[in-house]
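Notes follow once the structure below has been shown.
Protein chains: 2
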Amino acid sequence: MTDSHRISPNALRVRRMGIDTYQEPVVYMRADCHICKSEGFEAQSRITIRNRDRSIIATLNVVHDQQLLELDETGLSEAAWRLLRPDAGGRVVLSHPAPLESLSHVRAKVYGQRLGDIEMAAIVGDIAAGRYADIHLSAFITACAGSRLDPAETTALTRAMIDVGDRLSWPEPIVVDKHCVGGLPGNRTTLVVVPIVAALSLTMPKTSSRAITSPAGTADTMETLAPVNLDIAAMRKVVEREGGCIVWGGSVQLSPADDVLIRVERPLDLDSEGQLVASVLSKKAAAGSNHVVIDIRVGPTAKVRSDVAAKTLGQRLIDVGREVGLNVRVVVTDGSQPVGRGVGPALEARDVLAVLRGEKTAPQDLRVRALRLAAAILEMSGKVSPGNGLDEAAAVLDDGRAWKKFQAICDAQGGMREPRVAAYTHVVTAPRAGRVVSIDNRRLARLAKLAGAPKATAAGLELHTPLGTQVAAGQPVLTVHADAPGELAYALQYLESQKPIVTLGDNR
Amino acid sequence: MTDSHRISPNALRVRRMGIDTYQEPVVYMRADCHICKSEGFEAQSRITIRNRDRSIIATLNVVHDQQLLELDETGLSEAAWRLLRPDAGGRVVLSHPAPLESLSHVRAKVYGQRLGDIEMAAIVGDIAAGRYADIHLSAFITACAGSRLDPAETTALTRAMIDVGDRLSWPEPIVVDKHCVGGLPGNRTTLVVVPIVAALSLTMPKTSSRAITSPAGTADTMETLAPVNLDIAAMRKVVEREGGCIVWGGSVQLSPADDVLIRVERPLDLDSEGQLVASVLSKKAAAGSNHVVIDIRVGPTAKVRSDVAAKTLGQRLIDVGREVGLNVRVVVTDGSQPVGRGVGPALEARDVLAVLRGEKTAPQDLRVRALRLAAAILEMSGKVSPGNGLDEAAAVLDDGRAWKKFQAICDAQGGMREPRVAAYTHVVTAPRAGRVVSIDNRRLARLAKLAGAPKATAAGLELHTPLGTQVAAGQPVLTVHADAPGELAYALQYLESQKPIVTLGDNR
């Protein structure tokens with residue numbers, strides 16, 4: 035009786051509403067529709083929607099305007115439509131979702147209890163399946179923020195995130211990867227490192243993230259040069275052909291729970307050591323890597339602010355890595371200022387191109403950092419004997435093999451292209467002469483975001499005066515790039531309302 | 035230049051979309067509209083919308099279907115429309131909201147820092163003004179959950195919540211109030227206590243909440259008997275005429291930040307000692323009370339589970355009360371089972387009516403508890419000498435003065451009415467003979483909610499067998515009430531899938 039009650043009469047014709055609610059799936063139903071009445075659904079109810087063998091959970095928005103929907107129709111937001119993949123006009127079945135038992139584990143964590151493997155797996159499974167509303171995701175993220183996950187919980191979260199998605203395997207015994215823990219604008223070493231090590235016949239199936247709280251993620255930058263939305267089959271082909279790739283992790287869905295968490299982490303702007311470790315390592319393990327170099331930047335306005343914090347985080351990465359079968363090597367580097375000149379997807383891509391092409395004006399800091407990381411990977415993999423990594427990496431970069439490999443990777447990913455140029459720019463000059471004594475990376479990132487990065491790919495800024503530069507009064511310090519006058523205005527307004535992002539000291 | 039850029043060209047005609055998104059305001063704009071392009075707005079952007087002197091912040095849903103909106107139109111959800119109150123077809127101005135600086139305080143709290151008076155006031159001010167998205171509210175609630183607010187932070191939160199709303203004052207020097215900290219189904223003592231003390235000429239301007247995580251709040255129950263959505267002016271008239279009232283706190287908006295927090299607390303289902311104290315005391319102080327009796331129920335499945343926890347919470351209420359000018363007396367009582375028989379708004383109202391009318395079948399536990407609280411208030415206020423409160427309260431209840439006063443209060447609030455009766459009921463019987471040895475209040479509440487309470491006012495359950503009852507096999511234990519077959523089915527399905535809510539012991 036229960037089953038017949040739930041299956042047959044609860045079907046409605048489905049319509050694509052053409053409303054983009056970002057990634058939270060929303061379902062629209064008429065207030066006077068028989069299912070709302072019989073099931074007691076109301077605005078904000080969570081509803082299971084079934085289309086043949088697929089089902090999703092969506093949040094209900096109740097429609098009072100009879101012109102938006104027919105009485106026997108239900109509407110889906112863009113995200114819900116993509117997830118459920120119904121036929122337009124076909125019938126879907128709506129019902130109450132089963133109670134989410136894993137939310138009681140989230141509550142336990144909020145109240146200070148520890149989460150074990152089973153509880154973490156239940157939470158991550160429900161998250162990956164899209165069963166959590168945004169406020170539940172927010173509560174989980176908040177409960178795990180800062181250093182609230184201990185080593186065992188971090189391992190449990192990492193394992194759960196690996197297990198809930200696909201896991202690639204490769205014929206080669208050694209598969210390498212790298213990751214930078216930053217909070218530093220710029221810093222697109224990946225786009226230089228991958229072609230260097232791939233040119234030396236190592237396998238590096240690199241998946242990168244889009245920006246979470248920064249003005250550009252590596253995937254955003256790469257996308258200005260080549261497609262990054264490859265599925266697993268396409269990614270595999272690229273790696274089989276070229277040895278390496280740089281694709282968006284969210285598109286290959288190697289750690290689907292992480293992708294769901296990120297969409298709420300971004301507007302919350304919260305850091306979590308445990309989630310950082312789980313996010314980084316789950317993606318590496320799922321991509322089939324077993325040797326990973328992790329670069330931790332330390333600086334007063336970087337994500338990691340002290341050597342002690344870097345050491346703690348590094349050890350956590352090594353320990354959890356060991357638990358999930360990853361050989362992790364940690365490199366701690368200076369993070370007191372941006373790497374390269376550009377901040378924002380296209381502007382960072384230009385820095386990368388200059389380094390790969392060996393242009394004289396290429397930012398040396400980006401080149402040096404990329405070589406150092408490539409060297410660590412080469413030595414760790416056994417490809418190059420200890421002490422020779424740097425020379426070998428530099429040789430591959432300088433003789434054009436890396437640039438050739440990068441172009442080949444872009445071609446394999448769907449074709450190389452030129453980064454866009456912003457429609458509006460504004461040059462900020464030094465109010466007086468002086469030496470650059472500090473740069474606030476957080477406010478710099480904020481400025482680039484207000485200018486439109488990363489969504490406006492050409493937006494962001496160029497920093498003309500790195501730490502230590504002696505500037506004259508009126509000399510350009512920053513150029514702000516924007517695609518829309520509104521965004522340029524907001525960025526400049528922010529710049530004026532704050533103390534200087536680039537601080538000048540005495541004139542010597 | 036910035037001002038003219040932001041004000042004039044960013045106006046659109048406004049349309050009421052007829053979409054109910056519950057309380058989170060949503061704004062709809064076409065993807066191809068000039069403002070989305072020039073401002074860089076996209077799905078999930080937070081947007082300030084101005085209508086003459088009013089302005090709100092809403093979340094953007096981007097419309098791709100050109101039939102939903104004209105190019106120069108923007109749509110508002112029901113909540114956004116109610117808050118902004120525009121003229122249909124009038125023009126509203128859309129812009130980026132100023133950055134919410136108070137979110138950095140929320141982050142600091144998440145990371146374990148303490149919040150001072152200034153930070154708490156900034157957070158509460160932004161929350162009351164509707165500037166927080168639901169995920170930000172969720173993060174704040176989570177960061178304050180359990181016992182994460184210390185005494186000073188709790189006082190700061192309470193003060194901020196009082197200061198952000200209106201605060202009533204009364205001519206009488208002594209103004210009394212009561213509150214029950216429950217987690218216990220049933221327990222509608224307020225509806226008995228207010229008429230008793232008001233009949234004795236004390237002033238008791240009672241505001242009550244709707245259900246947060248329970249199947250019924252006092253306001254939900256009272257609403258089945260009389261209107262409770264009174265504004266402050268209407269509430270004042272009722273109290274001036276009858277000495278007491280029982281109205282919904284959300285409608286008088288005495289603690290507007292609390293009302294905003296509650297809408298996210300409900301689906302999160304999280305408890306917070308600090309927020310509980312602030313929520314209770316801010317409403318009492320804002321209502322102009324100065325003598326408050328707080329009843330803390332202790333039981334294995336009540337909100338407070340041990341005498342130690344009750345003592346801690348009670349002391350916190352007394353201490354914070356003193357800081358904000360409230361004389362608080364705490365009464366700790368048994369919370370091992372529901373109070374009265376009904377669980378759900380209308381079913382609880384029937385228990386109240388039976389007690390007030392002095393019916394023989396009236397639940398004695400509800401009567402005794404109400405008398406005890408009324409006695410504490412009478413003695414604390416000085417109205418009755420110590421030791422005589424219980425006799426005096428019983429006299430007023432037994433001779434019909436309290437029932438007469440209750441009817442007068444209902445009339446003053448807009449007219450008394452009969453509670454609704456549910457369309458569907460199902461009787462659950464004892465599988466065997468035995469004595470009732472325990473009742474799981476949490477699962478009982480869950481069952482009533484699955485049956486549709488509190489939104490379906492007649493839904494819920496009746497418990498026929500309190501603790502200690504000797505039942506025969508086949509004897510009715512529970513009756514489940516529902517307004518819709520779907521809800522009845524879900525409630526019964528939940529009942530079957532769980533261990534017994536009412537546990538029977540040996541047959542002696």
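Read top to bottom, the protein sequences are chains B and D. Residue numbering for the first sequence follows this note's numbering, beginning at 35 and increasing consecutively. Residue numbering for the second sequence follows this note's numbering, beginning at 35 and increasing consecutively. Each residue gets a CB set at the ideal place from its N, CA and C atoms; glycine is no exception.
Would you kindly work out how many angstroms separate the C-alpha atoms of residue i and residue j, rounded to a whole number?
{"i": "B:ARG40", "j": "D:ALA518", "result": "Because B:ARG40 carries a pLDDT of 39, less than 50, the predicted location of this residue cannot be relied on, and no value is offered for it."}
{"i": "B:GLY448", "j": "B:VAL272", "result": "10 Å"}
{"i": "D:HIS130", "j": "D:ALA396", "result": "58 Å"}
{"i": "B:GLY322", "j": "B:ARG49", "result": "40 Å"}
{"i": "B:VAL226", "j": "B:PRO133", "result": "48 Å"}
{"i": "D:LEU149", "j": "D:ILE330", "result": "27 Å"}
{"i": "B:SER499", "j": "B:VAL514", "result": "The sequence shown places Thr at residue 499 of chain B, rather than the Ser named in the question. Using only the alpha carbons, I get a separation of about 14 Å."}
{"i": "D:PRO534", "j": "D:THR223", "result": "28 Å"}
{"i": "B:LEU191", "j": "B:ALA155", "result": "7 Å"}
{"i": "B:MET51", "j": "B:ARG64", "result": "13 Å"}
{"i": "D:ILE53", "j": "B:LEU117", "result": "22 Å"}
{"i": "D:LYS317", "j": "B:THR108", "result": "41 Å"}
{"i": "D:SER419", "j": "D:ALA232", "result": "17 Å"}
{"i": "B:ARG480", "j": "D:TYR528", "result": "49 Å"}
{"i": "D:LEU351", "j": "D:ARG182", "result": "16 Å"}
{"i": "D:VAL377", "j": "D:SER243", "result": "16 Å"}
{"i": "D:ALA167", "j": "D:SER79", "result": "10 Å"}
{"i": "D:VAL140", "j": "D:ALA162", "result": "15 Å"}
{"i": "D:PRO319", "j": "D:THR189", "result": "Per the sequence shown, the amino acid found at residue 319 of chain D is Ala instead of Pro. Taking the straight line from one Cα to the other gives about 12 Å."}
{"i": "B:LEU522", "j": "B:GLY374", "result": "22 Å"}
{"i": "D:GLU104", "j": "B:TYR56", "result": "21 Å"}
{"i": "B:ALA122", "j": "B:ARG47", "result": "8 Å"}
{"i": "B:LEU431", "j": "B:ASP425", "result": "10 Å"}
{"i": "D:HIS460", "j": "D:GLY486", "result": "14 Å"}
{"i": "D:SER248", "j": "B:THR537", "result": "55 Å"}
{"i": "B:ASP474", "j": "B:THR335", "result": "6 Å"}
For chain A, find out if any of its Cβ atoms is closer than 8 Å to the Cβ of residue i; answer yes or no.
{"i": "D:ARG141", "result": "Reference to chain A is not applicable here, since the protein chains of this structure are B and D."}
Round the Cβ separation of residue i and residue j to the nearest angstrom and send it over; I've been treating them as touching at under 8 Å.
{"i": "B:ILE157", "j": "D:SER172", "result": "The pair is not a contact, with the Cβ atoms about 15 Å apart (cut-off 8 Å)."}
{"i": "B:LEU251", "j": "B:ALA245", "result": "Checking the sequence shown, residue 251 of chain B turns out to be Gly, not Leu. About 4 Å separates the two Cβ atoms, so the contact holds."}
{"i": "B:SER285", "j": "B:LEU264", "result": "6 Å"}
{"i": "B:LYS212", "j": "B:VAL327", "result": "5 Å"}
{"i": "D:ALA312", "j": "D:VAL198", "result": "With 8 Å as the limit, D:ALA312 and D:VAL198 do not qualify as a contact, their Cβ atoms being about 11 Å apart."}
{"i": "D:VAL210", "j": "D:ILE411", "result": "5 Å"}
Mind listing, in chain order, the continuous beta strand (DSSP E) runs of no fewer than 3 residues lying wholly within the segment 464 to 509 of chain B? Every unbroken stretch of the beta strand (DSSP E) spanning 3 or more residues and falling wholly within the segment 464 to 509 of chain B is given here in chain order: 468 to 473 and 494 to 497.
So, do the segment 379 to 388 of chain B and the segment 436 to 455 of chain B have three or more beta carbon pairs nearer to each other than 8 Å? Result yes; three or more Cβ-Cβ pairs closer than 8 Å.
Scan the segment 403 to 424 of chain D for residues whose Cβ lies nearer than 8 Å to a Cβ of chain B and list them as they occur along the chain. Residues: none.
Contained alpha helix (DSSP H) runs [length at least 4] in the segment 293 to 360 of chain D, N- to C-terminal order: Annotation: the segment 293 to 360 of chain D contains the following complete segments of the alpha helix (DSSP H) (minimum length 4 residues), in chain order: 307 to 320 and 341 to 357.
Using a beta-carbon distance cut-off of less than 8 Å, what residues from the segment 177 to 192 of chain B approach chain D? Answer in chain order: ALA177, ALA179 and GLY180.
Are there three or more Cβ pairs, one per stretch, closer than 8 Å when the segment 457 to 470 of chain D is compared with the segment 492 to 506 of chain D? At 8 Å Cβ cutoff, the stretches touch.
Using a Cβ cut-off of 9 Å, which residues of the segment 54 to 67 of chain B contact any Cβ in chain D, in chain order? Going along the segment 54 to 67 of chain B in chain order, one finds ASP54, THR55, TYR56, GLN57, GLU58, VAL60, TYR62 and ALA65 with a Cβ nearer than 9 Å to chain D.
Quick one: which residues of the segment 94 to 106 of chain B get their C-beta closer than 7 Å to a C-beta of chain D? List them in chain order. So the close ones are ASN95, VAL96, VAL97, HIS98, ASP99 and LEU102.
Give me the subset of the segment 146 to 168 of chain D whose CB atoms are less than 9 Å from a CB atom of chain B, sorted by chain position. Those would be GLY146, ALA167 and ASP168, in chain order.
Tell me, please, whether the segment 422 to 440 of chain B touches the segment 283 to 298 of chain B by the rule of three or more beta-carbon pairs shorter than 8 Å. The segment 422 to 440 of chain B makes no contact with the segment 283 to 298 of chain B, as fewer than three CB pairs between them are under 8 Å.
Which full runs of the alpha helix (DSSP H) of 4+ residues lie inside the segment 212 to 283 of chain D, going along the chain? Runs found: 224 to 233, 252 to 257 and 266 to 276.
Contact between the segment 241 to 260 of chain D and the segment 372 to 384 of chain D: three or more CB pairs below 8 Å? Counting C-beta pairs closer than 8 Å gives three or more between the segment 241 to 260 of chain D and the segment 372 to 384 of chain D, which meets the contact rule.
What residue ranges within the segment 46 to 129 of chain D form continuous alpha helix (DSSP H) runs of no fewer than 4 residues, ordered along the chain? Entirely contained in the segment 46 to 129 of chain D, the alpha helix (DSSP H) runs reaching 4 residues are, in chain order, 68 to 73 and 112 to 118.
Between the segment 274 to 289 of chain D and the segment 228 to 237 of chain D, are three or more C-beta pairs nearer than 8 Å? Judged by pairs of C-beta atoms under 8 Å, the segment 274 to 289 of chain D touches the segment 228 to 237 of chain D, as three or more such pairs exist.
Taking three-plus beta-carbon pairs below 8 Å as touching, is the segment 361 to 371 of chain D in contact with the segment 405 to 415 of chain D? Yes, the segment 361 to 371 of chain D is in contact with the segment 405 to 415 of chain D.
Is the segment 60 to 79 of chain B close to the segment 87 to 104 of chain B, with three or more CB pairs under 8 Å? The segment 60 to 79 of chain B and the segment 87 to 104 of chain B touch, with no fewer than 3 CB-CB distances between them shorter than 8 Å.
Do three or more CB pairs link the segment 112 to 128 of chain D to the segment 86 to 93 of chain B at distances below 8 Å? Touching, no.
Identify each residue in the segment 509 to 529 of chain D for which the Cβ-Cβ distance to at least one residue of chain B is less than 9 Å, and report them in chain order. Hits within the stretch, in order: ALA516, ASP517, ALA518, PRO519, GLY520, GLU521, ALA523, TYR524, LEU526, GLN527 and TYR528.
Which of the residues in the segment 361 to 386 of chain D, read from start to end, lie with their CB under 8 Å from any CB of chain B? Listed by position along the chain: nothing, the set is empty.
Ignoring anything shorter than 4 residues, give me the alpha helix (DSSP H) runs that lie fully in the segment 348 to 432 of chain D, in order along the chain. Complete alpha helix (DSSP H) runs here, min 4: 379 to 390, 398 to 415 and 423 to 432.
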